[in-house]
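Undergrad:
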Amino acid sequence: MVPLRHALLSTLLLPGADLPLRPLMRSRATIFMLHRFTDPELGIEGTDPAALRRALAWLRKANYPLLSLNELFLRLASGTVPDRTVAFTIDDGYLDQATVAAPIFAEFDVPVTTFLTSGYLDRTLWFWWDRIEYAFEHATRAAAEVELGGERLRYAWTTPQERRRAQGEFTERCKRVPDAEKHEGIGRLAAALEVELPQLAPARYAPMSWDDARRVEQGTMTFGPHTVTHPIMARATDPQATHEITESWRRLQQELPRPDPIFCYPNGQPGDFGPREIAACRAAGLVGAVVGSAGYVDPGFFQQAPENPFLVRRFSMPDQLPVLAQYASGLERFKDLVRGTAG
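Using the numbering used here, read the sequence shown as starting at 13 and increasing by one per residue.
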């Protein structure tokens with residue numbers, strides 16, 4: 013972050029610094045979204061545990077209302093959201109979310125909802141983007157030609173940075189093809205790179221177990237459904253889309269005593285889901301869903317249209333505390349209002 017901007021945003025950390033912004037956060041909530049958590053022993057890069065502790069400590073000290081996602085949805089429906097509410101979510105179900113993140117959230121008595129990909133916890137798969145990363149990192153060659161979505165893709169690299177760019181480009185392309193073609197393409201990639209993909213996830217990509225989930229549920233972590241196999245929903249067939257939602261919710265109800273009836277769309281960007289998925293969520297008995305696009309939520313939006321509880325936005329959790337304060341305090345909403353982009 014630019015030093016001057018960092019210094020200016022750091023003033024938001026001072027007691028009472030957000031008072032002029034509080035009217036902008038009346039009955040409004042900020043939901044943060046996280047994924048991996050740093051574990052040097054396993055080579056996992058993600059949210060720094062020390063940074064997470066600083067963030068939770070500051071939010072507690074600054075008296076932000078910290079609600080569970082389920083409680084927030086109930087408050088949104090009833091129109092009783094406390095000003096400046098903050099809620100936390102985690103996506104996917106990696107082991108580090110149970111071993112690293114859950115104890116930190118419990119330490120500060122802060123609720124957090126983790127969205128689980130049920131087939132991942134059932135050990136029937138590991139995530140497709142991790143399989144791509146594994147293939148590139150373990151390649152015995154520095155070039156490959158792969159067919160994907162009717163195109164012949166050519167990749168070559170001489171440095172780790174170029175290899176990561178190739179990996180990122182292939183991953184993004186996989187989001188735009190039918191789900192079955194995506195998995196076939198990953199198989200072709202591994203063959204082209206002369207890599208044998210393990211059947212079970214290596215330690216770096218390992219899921220938590222259902223026992224792990226039940227254990228941390230005794231603290232402040234709860235769980236919601238996040239599909240069975242984590243496809244981009246819009247790239248799935250009608251039967252698969254319905255199965256991904258209903259079966260993931262069924263497995264959570266089967267394995268956990270108190271799962272949250274809130275869905276999380278994989279990737280969750282515009283075009284990744286639509287009315288079909290919202291209808292399937294409703295039919296499964298879910299009360300709402302979160303997306304991957306940035307934005308605040310308030311009862312006015314939540315109650316405005318029947319589909320809106322299934323379109324609740326989240327901010328990616330920033331690494332730096334002053335930036336988190338920018339979102340939670342309402343400064344980001346002020347900027348949106350000035351730009352004319354506020355919802």
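Every residue, glycine too, gets a C-beta built ideally from N, C-alpha and C.
Leu-33 and Phe-313 - do their beta-carbons sit closer together than 8 Å?
TA: Contact: no.
Undergrad: Can the beta-carbon of Arg-263 be found less than 8 Å from the beta-carbon of Ser-130?
TA: Cβ atoms of Arg-263 and Ser-130: closer than 8 Å.
Undergrad: Quick one: complete beta strand (DSSP E) runs, 3+ long, within the region 66-123?
TA: Correct list: 97-104.
Undergrad: Check Pro-278 in the structure and name its three-state DSSP category.
TA: Coil.
Undergrad: Using only CA atoms, which one of Phe-285, Ala-340 and Leu-336 lies nearest to His-18?
TA: Among Phe-285, Ala-340 and Leu-336, the Cα nearest to that of His-18 belongs to Leu-336.
Undergrad: May I have the straight-line CA-CA distance separating Leu-343 from Arg-65, to the nearest angstrom?
TA: Near 22 Å, if we compare the C-alpha coordinates of Arg-65 and Leu-343.
Undergrad: Between which residues of its own chain and Pro-94 is the CB-CB distance below 7 Å, once the five residues before and five after are set aside?
TA: The residues are Pro-77.
Undergrad: Does DSSP put Met-329 in a helix, a strand or coil?
TA: Residue state, collapsed to three classes: coil.
Undergrad: Alpha carbon to alpha carbon, how far is Ser-260 from Leu-20?
TA: C-alpha separation (whole angstroms): 44 Å.
Undergrad: Give every residue of the same chain whose Cβ lies closer than 8 Å to the Cβ of Glu-206, excluding the five residues on either side of it in the sequence, and list them in chain order.
TA: Excluding positions up to five away in sequence, the list reads Ala-151, Thr-152 and Arg-153.
Undergrad: With DSSP as the reference, identify every bridge partner of Gly-300, one or two as the case may be.
TA: According to DSSP, Gly-300 bridges with Ile-274.
Undergrad: Buried or exposed: which applies to Ser-90, given that a residue is buried once 16 or more other Cβ atoms fall within 10 Å of its Cβ?
TA: Result: exposed.
Undergrad: Residues in its own chain within less than 6 Å of Pro-237 by CB, not counting five upstream and five downstream?
TA: Closer than 6 Å at Cβ, skipping near neighbours: Ser-260, Trp-261, Leu-264 and Phe-275.
Undergrad: Which whole runs of the alpha helix (DSSP H) in the region 217-244 are 4 residues long or more, in chain order?
TA: Runs found: 222-228.
Undergrad: In terms of alpha-carbon separation, which member of Ser-80, Gly-286 and Thr-183 lies closest to Asp-250?
TA: Nearest of Ser-80, Gly-286 and Thr-183 to Asp-250, Cα basis: Gly-286.
Undergrad: With distance defined between alpha-carbon atoms, name the residue in Val-309, Asn-75 and Leu-81 nearest to Pro-271.
TA: For Pro-271, the nearest C-alpha among the options comes from Leu-81.
Undergrad: Just to confirm my understanding: we take Ala-29, look at its own chain, exclude 5 residues before and 5 after, and list those with CB closer than 6 Å. What are they?
TA: Hits under 6 Å: Thr-23.
Undergrad: My output table needs one value for Phe-346: the three-state DSSP class, helix, strand or coil.
TA: Here Phe-346 sits in helix by DSSP.
Undergrad: Mind reading off the beta-carbon distance from Ala-218 to Leu-107? Whole number of angstroms is fine, and I expect it under 8 Å.
TA: With a Cβ gap of about 5 Å, Ala-218 and Leu-107 count as contacting.
Undergrad: Could you tell me whether the Cβ atoms of Thr-125 and Phe-235 are closer together than 8 Å?
TA: For Thr-125 and Phe-235, yes; Cβs fall inside 8 Å.
Undergrad: Return the bridge partner residues of Val-324 from the DSSP annotation.
TA: DSSP, once it has assigned bridges, lists Val-302 as partnering Val-324.
Undergrad: Report the partner residues of Asp-51 according to the DSSP bridge assignment.
TA: Ile-56, per the DSSP bridge assignment.
Undergrad: Could you tell me how far apart the beta carbons of Glu-145 and Gln-173 are, in whole angstroms, since I believe they sit closer than 8 Å?
TA: With a Cβ gap of about 15 Å, Glu-145 and Gln-173 do not count as contacting.
Undergrad: Let's see if you can read the secondary structure: which residues bound the beta strand (DSSP E) around Tyr-167?
TA: 163-168 is the extent of the beta strand (DSSP E) around Tyr-167.
Undergrad: Hey, how far is the Cα of Gln-109 from the Cα of Gln-230?
TA: Each residue's alpha carbon lies about 15 Å from the other.
Undergrad: Measuring only the C-alpha atoms, how far is Leu-88 from Ala-114?
TA: Spanning the two alpha carbons is a distance of roughly 25 Å.
Undergrad: Are there 16 or more other CB atoms within 10 angstroms of the CB of Ala-62, so buried, or fewer, so exposed?
TA: Flag for Ala-62 reads exposed.
Undergrad: Looking at the strands, I want to know which residues DSSP matches up with Leu-128.
TA: Leu-128 pairs with Asp-104 and Pro-237.
Undergrad: Could you work out which residue in Phe-100, Leu-79, Leu-68 and Phe-148 is closest to Thr-92 when comparing CA atoms only?
TA: Measuring from the Cα of Thr-92, the nearest candidate turns out to be Leu-79.
Undergrad: Who are Met-45's beta bridge partners in DSSP?
TA: Thr-101 and Ser-328.
Undergrad: Report the three-state DSSP secondary structure of Ala-248 (helix, strand or coil).
TA: It is coil, neither helix nor strand.
Undergrad: Tell me where the beta strand (DSSP E) around Glu-206 begins and ends.
TA: That residue, Glu-206, is in no beta strand (DSSP E); it is neither H nor E in DSSP.
Undergrad: For Arg-164, tell me which candidate among Phe-139, Arg-200 and Arg-135 has the shortest Cα-Cα distance.
TA: Answer by Cα proximity: Arg-200.
Undergrad: Check the DSSP bridge columns for Val-309 and list the partner residues they point to.
TA: DSSP lists Ala-41 as partners of Val-309.
Undergrad: In angstroms, rounded to a whole number, what distance separates the CA positions of Phe-85 and Glu-196?
TA: C-alpha separation (whole angstroms): 39 Å.
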